[in-house]
């Protein structure tokens with residue numbers, strides 16, 4: 001027996017839209033109903049694409065995932081409804097607003113924008129990219145946090161040294177920006193170049209990462225100064241207090257422990 005696909009709704013594609021005329025329904029009841037629908041769709045194999053939105057410093061992002069992993073991150077300027085329509089055409093019409101399925105992605109993005117995460121640990125579904133574009137996207141996570149590469153450098157790394165324009169196209173059509181960091185690709189003269197999220201968003205992301213790198217580089221000096229005070233303390237109580245200050249300095253700098261804070265930067 002074939003199960004009927006979940007209707008592909010217009011507008012926000014959300015069950016709440018269908019119930020909008022029912023003004024006197026308790027919102028908590030709607031939440032429970034939506035959660036039950038989400039669970040039923042997932043358990044019955046009727047949910048192929050889950051999505052949610054996330055408010056960030058660069059605007060409202062749309063996050064979408066399949067069973068294989070995160071498949072799409074879209075900026076507000078792309079028109080989220082249009083993005084969902086395209087996902088319905090390219091992936092599956094069985095799409096549902098199911099925020100719980102994207103909790104991990106939302107959490108890691110929040111950590112990134114807070115400066116607490118420098119790399120993502122998420123399963124990704126790359127079905128929307130093929131050929132040379134996929135080769136380009138496979139290289140981008142190897143550009144370190146706080147660093148950039150030119151379009152020419154990426155073309156060389158992707159195996160086609162003269163394909164700078166194709167690299168630009170791959171970055172411009174990257175379905176997973178931020179997590180696959182196309183914002184770290186710039187022109188050879190250091191200028192930003194284009195970005196699907198807009199030049200202001202690209203500037204903010206690169207500035208955020210530069211500040212994070214500067215914070216980590218400054219951490220060893222701050223921690224070592226307090227650690228030296230701990231070593232020089234004449235009594236256990238003073239030593240313990242100084243050690244606690246060193247640990248606090250390490251935490252404030254974003255380092256997880258003394259080893260991270262005092263480890264010299266690779267040359």
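Residue numbers (the UniProt record's numbering): 1 to 267. Positions of the beta carbon are idealized from the N, C-alpha and C atoms, including for glycine.
Q: Tell whether a beta-carbon distance below 7 Å holds between residue 210 and residue 146.
A: Position 210 of the chain shown, counted from the first residue, corresponds to residue 210. Position 146 of the chain shown, counted from the first residue, corresponds to residue 146. Their beta carbons are under 7 Å apart, which means residue 210 touches residue 146 by this criterion.
Q.
Between the alpha carbons of residue 184 and residue 74, how many angstroms are there, rounded?
A. Taking the first residue of the chain shown as position 1, residue 184 is located at position 184. Taking the first residue of the chain shown as position 1, residue 74 is located at position 74. If I take the Cα positions, the gap works out to 17 Å.
Q: Return the residue from the list 157, 152, 143, 175 that minimises the CA-CA distance to residue 127.
A: In the chain shown, residue 127 corresponds to position 127, counting from 1. Among 157, 152, 143, 175, the Cα nearest to that of residue 127 belongs to 175.
Q: Report the residue from 91, 151, 162 whose alpha carbon sits nearest the alpha carbon of residue 168.
A: Within the chain shown, residue 168 is the residue found at index 168, counting from 1. Per the Cα distances, 151.
Q: For residue 193, count neighbouring C-beta atoms within 10 Å of its own C-beta (all shown protein chains included) and say buried if the count is 16 or more, exposed if not.
A: Along the chain shown, read from residue 1 onward, the residue named residue 193 stands at position 193. In summary, residue 193 is buried, with 16 or more beta-carbon neighbours lying within 10 Å of its beta-carbon over all protein chains present.
Q.
How far does the alpha helix (DSSP H) with residue 89 in it extend, from its first residue to its last?
A. On the chain shown, position 89 is the one that residue 89 refers to. Run containing residue 89: 80 to 90, per the alpha helix (DSSP H) assignment.
Q. So, helix, strand or coil for residue 97, using DSSP?
A. Here residue 97 is taken as the residue at index 97 of the chain shown, counted from 1. In the three-state scheme derived from DSSP, where H, G and I count as helix and E and B as strand, residue 97 is classed as strand.
Q) Is the beta carbon of residue 71 sitting closer than 7 Å to the one on residue 121? A) Counted from its first residue, the chain shown places residue 71 at position 71. Counted from its first residue, the chain shown places residue 121 at position 121. The answer is no: Cβ separation not under 7 Å.
Q. Quick one: any contact between the region 103 to 119 and the region 54 to 64, if contact means 3 or more CB pairs under 8 Å?
A. In short, these stretches touch, since the Cβ pair count reaches three.
Q. How many angstroms separate the CA atom of residue 47 from the CA atom of residue 105?
A. Start at 1 with the first residue of the chain shown, and residue 47 comes out as number 47. Start at 1 with the first residue of the chain shown, and residue 105 comes out as number 105. Cα-Cα distance, rounded: 18 Å.
Q: Would you mind stating whether residue 132 and residue 166 have Cβ atoms separated by less than 7 Å?
A: Here residue 132 is taken as the residue at index 132 of the chain shown, counted from 1. Here residue 166 is taken as the residue at index 166 of the chain shown, counted from 1. In contact: residue 132 and residue 166 (Cβ atoms closer than 7 Å).
**Q.** Status (buried if at least 16 other CB within 10 Å, exposed otherwise) for residue 178
**A.** Residue 178 sits at position 178 when you count from the first residue of the chain shown. That one is buried.
Q: List the DSSP bridge partners of residue 72.
A: Within the chain shown, the letter at position 72 stands for residue 72. For residue 72, DSSP records a beta bridge to 64.
**Q.** Reduced DSSP secondary structure (H/G/I, E/B, other) of residue 227
**A.** Counting from one through the chain shown, the residue named residue 227 turns up at place 227. Any reading at residue 227 needs caution, since the residue's pLDDT is 49, under 50, leaving its predicted position unreliable; the model's value is listed next. Reduced to three states, the DSSP call for residue 227 is helix.
Q. Quick one: what does DSSP say residue 156 is sitting in, helix, strand or coil?
A. Here residue 156 corresponds to residue number 156 of the chain shown, with the count starting at 1. Three-state result, residue 156: helix.
Q | Burial state of residue 97 (16 or more Cβ within 10 Å) | A | As a working mapping, residue 97 is identified with position 97 in the chain shown. With 16 or more other Cβ atoms within 10 Å, it is buried.
Q: Return the first residue and the last residue of the beta strand (DSSP E) that residue 49 is part of.
A: Within the chain shown, residue 49 is the residue found at index 49, counting from 1. Segment 49 to 56, the beta strand (DSSP E) holding residue 49.
Q. Within 6 Å: the Cβ of residue 61 and any heavy atom of the ligand SAM?
A. The ligand SAM is absent from the structure shown, which contains no ligands of any kind.
**Q.** Residue range of the unbroken alpha helix (DSSP H) whose run includes residue 108
**A.** Numbered from its first residue, the chain shown carries residue 108 at position 108. In the DSSP assignment, residue 108 falls within the alpha helix (DSSP H) that extends over 103 to 113.
Q: Would you give the residue range spanned by the alpha helix (DSSP H) that residue 120 belongs to?
A: Within the chain shown, numbered from 1, the residue matching residue 120 stands at position 120. Unbroken run through residue 120: none, as it is neither H nor E.
Q: Give the DSSP-derived three-state secondary structure of residue 167 in the structure shown.
A: On the chain shown, residue 167 is found 167 positions in, with the first residue counted as 1. Helix.
Q: Would you kindly check if the distance between the Cβ of residue 83 and the Cβ of residue 49 is under 7 Å?
A: Mapped onto the chain shown, residue 49 falls at position 49. Mapped onto the chain shown, residue 83 falls at position 83. Not in contact: residue 49 and residue 83 (Cβ atoms no closer than 7 Å).
Q) Looking only at DSSP bridge pairs, what is residue 185 linked to? A) Position 185 of the chain shown, counted from the start, is the residue given in the question as residue 185. The partner list for residue 185 (beta bridge, DSSP) reads 149.
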